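K.L.:
Got a structure for you, questions after.
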Amino acid sequence: MRSDSDPVVHVEDLVKTFGATRALDGLDLDVRSGEVHGFLGPNGSGKSTTIRILLGLMRADSGRVTLFGRDPWRDAVELHSRLAYVPGEVTLWPRLTGGQCIDILGRALGGLDPARRDELIERFRLDPTKRTRDYSKGNRQKVSLVAALASGAELLVLDEPTSGLDPLMEQVFQDCVREAVDGGSTVLLSSHIMGEVEALADRVSIIRDGRTVSSGTLGELRRHTSTEVHAVTDTEPRALGSVAGLDRPRIEPSEQGRYDVRCHVPTERLGEVTGILHAAGIHTLTATPPSLDDLFRSAYSSGGPGAGATTSAADTGDPR
């Protein structure tokens with residue numbers, strides 16, 4: 002029996018091979034109820050294969066996978082009534098209008114809230130009377146998004162959902178996802194747009210070569226990286242040379258006899274560095290924590306530091 006504290010999505014030691022290629026090599030993933038979980042990795046890392054297995058479209062070779070405590074392969078029909086999926090490439094019936102496609106997709110999802118449907122059509126600036134063969138890629142994407150977001154699904158599986166949308170519509174999408182979570186939905190979000198994931202995700206999992214290399218909140222992941230510090234001080238902060246782990250320190254004379262100081266500081270040393278700069282007389286100080294893009298690059302360059310990280314496997318890929 003599943004309890005409310007159990008994850009909505011649980012993936013443990015998941016393995017999937019295609020011939021000699023090991024697309025998933027012991028992947029782990031937990032998505033908690035009511036959160037937006039960012040699922041990151043470049044093409045070939047195994048994201049699409051994982052999502053297909055979660056949707057019951059593909060069977061895993063080994064490992065454990067559950068959605069709402071059920072097996073997505075055996076219980077696909079039941080589980081599909083509780084989730085909505087938006088792919089990055091939406092194919093629609095070319096002779097039908099956008100509105101007709103939304104209604105068909107809605108029936109497959111167990112029905113839509115009519116008021117919410119109409120509201121979303123207006124917010125996404127979609128013309129539902131046009132045939133979909135005349136739609137741009139972005140408008141086809143909007144059809145799938147409107148149907149998913151108006152369904153009230155307990156779980157939204159979004160795989161590159163804003164592909165083809167302009168920046169204004171990306172903002173509408175973010176607002177709608179927050180509203181869905183406020184309404185009780187859980188979201189698994191796979192996206193190449195780092196700013197989108199950073200704006201929405203409560204937690205993030207980064208995968209590499211079919212394995213999870215980092216997982217946690219952005220705050221947890223940032224504790225394993227460094228903060229970029231730029232300061233202008235009245236005197237030279239020579240004591241910085243004694244700080245362990247300081248990366249790329251640079252101290253140069255500046256205008257008016259001051260010193261321009263730049264360095265990357267481990268999180269646990271930030272207080273020590275700030276104290277040294279204060280003693281040198283701070284004129285200006287800027288501390289910039291790593292962005293999600295920085296964390297992603299760090300995970301791939303170093304093999305995956307981060308909360309709950311696992312070491313990456315040998316070079317494999319997702320051929321799909």
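To convert a position in the sequence shown, counted from 1, into the working numbering, add 1. Ideal placement from N, C-alpha and C gives every residue a C-beta, glycine not left out. None of these values were measured; they are calculated from a predicted model.
1) Output needed for L241: all residues of its chain with C-beta closer than 6 Å, excluding positions within five of it in sequence on either side, in chain order.
2) For I207, report the span of its beta strand (DSSP E) as first-last.
3) What alpha helix (DSSP H) runs, 4 residues minimum, are completely inside the segment 24-59?
4) Tell me, please, whether the segment 230-238 touches the segment 272-292 by the rule of three or more beta-carbon pairs shorter than 8 Å.
5) Inspect the CB distances between the segment 62-79 and the segment 110-119 and report whether three or more fall short of 8 Å.
6) What separation, rounded to the nearest whole angstrom, lies between the Cα atoms of V144 and F125?
7) What is the DSSP secondary structure of K131, counted as helix, strand or coil?
8) Relative to the C-alpha of R71, which residue among R60, G45 and V9 is closest?
9) With a CB to CB cut of under 6 Å and the five nearest residues on each side skipped, what residues in its chain are close to G39?
10) Provide the residue span of the alpha helix (DSSP H) that contains F174, from first to last.
11) In the DSSP assignment, find the beta strand (DSSP E) that holds S216 and state where it starts and stops.
12) Please confirm whether R223 and L286 have their CB atoms less than 8 Å apart.
13) If you drop the 5 nearest sequence neighbours on each side, which residues of the same chain put their C-beta closer than 8 Å to that of L97?
14) Contact defined as beta carbons within less than 8 Å: I believe L84 pairs with L156. What is the distance between those atoms, to the nearest angstrom?
15) For D294 and G217, I'd like the C-alpha separation in whole angstroms.
16) Run through the DSSP bridge pairs and tell me what L189 is partnered with.
17) Using 8 Å for Cβ pairs, my map puts V158 next to L55. What's the rounded Cβ distance?
18) Between which residues of its own chain and V182 is the CB-CB distance below 7 Å, once the five residues before and five after are set aside?
19) For E120, tell me which candidate among A154, H231, F174 and H11 has the shortest Cα-Cα distance.
20) May I have the straight-line CA-CA distance separating E253 from R298, to the nearest angstrom?
21) Give every residue of the same chain whose Cβ lies closer than 7 Å to the Cβ of E161, excluding the five residues on either side of it in the sequence, and list them in chain order.
22) Compare the Cα-Cα distances from S292 to each of W74, D128 and T226 and report the closest residue.
23) Considering only residues of the same chain and omitting the five flanking positions on each side of A200, which have a CB-CB separation below 7 Å?
24) Considering just the uninterrupted stretch of the beta strand (DSSP E) at S227, what are its terminal residues?
25) Since H12 and T51 are thought to touch, with beta carbons under 8 Å apart, how far apart are those beta carbons, to the nearest angstrom?
P.N.:
Let me lay it out:
1) Excluding sequence neighbours, L241 sits near P250 and I277.
2) Its beta strand (DSSP E) spans residues R204 to R209.
3) Entirely contained in the segment 24-59, the alpha helix (DSSP H) runs reaching 4 residues are, in chain order, 48-55.
4) The segment 230-238, when compared against the segment 272-292, does touch it at the 8 Å Cβ threshold.
5) Contact fails: fewer than three Cβ-Cβ distances are below 8 Å.
6) Looking at the two C-alpha atoms, the distance is approximately 9 Å.
7) In the three-state reduction of the DSSP assignment, K131 falls in the coil class, being assigned neither a helical nor a strand state.
8) Per the Cα distances, V9.
9) Taken in chain order, the residues that qualify are L190, V198, A202 and V205.
10) In the DSSP annotation of this structure, the continuous segment of the alpha helix (DSSP H) that includes F174 starts and ends at P168 to D183.
11) For S216, the enclosing beta strand (DSSP E) begins and ends at R212 to G217.
12) Taking 8 Å as the Cβ cut-off, R223 and L286 do not qualify as a contacting pair.
13) Taken in chain order, the residues that qualify are I105, R132 and T133.
14) Separation of the CB atoms of L84 and L156 is rounded to 4 Å, and the pair is thereby assigned contact status at 8 Å.
15) G217 has its alpha-carbon roughly 15 Å from the corresponding atom of D294.
16) In DSSP, L189 forms a bridge with H38 and V158.
17) L55 and V158 do touch by the CB rule: their CB atoms are close to 7 Å apart, below 8 Å.
18) Correct list, in chain order: G35, V37 and V188.
19) Considering only alpha carbons, the answer is F174.
20) Across the structure, E253 and R298 are spaced so that their CA atoms are roughly 28 Å apart.
21) So the list reads G89, S191, S192 and H193, once near-sequence residues are dropped.
22) Taking the Cα of S292 as reference, the smallest distance to any Cα among W74, D128 and T226 is reached at T226.
23) Answer for A200: Q175, listed in chain order.
24) In the DSSP assignment, S227 falls within the beta strand (DSSP E) that extends over S227 to T234.
25) Per the sequence shown, residue 12 should be read as Val rather than His. Correct: roughly 7 Å between the Cβ atoms.
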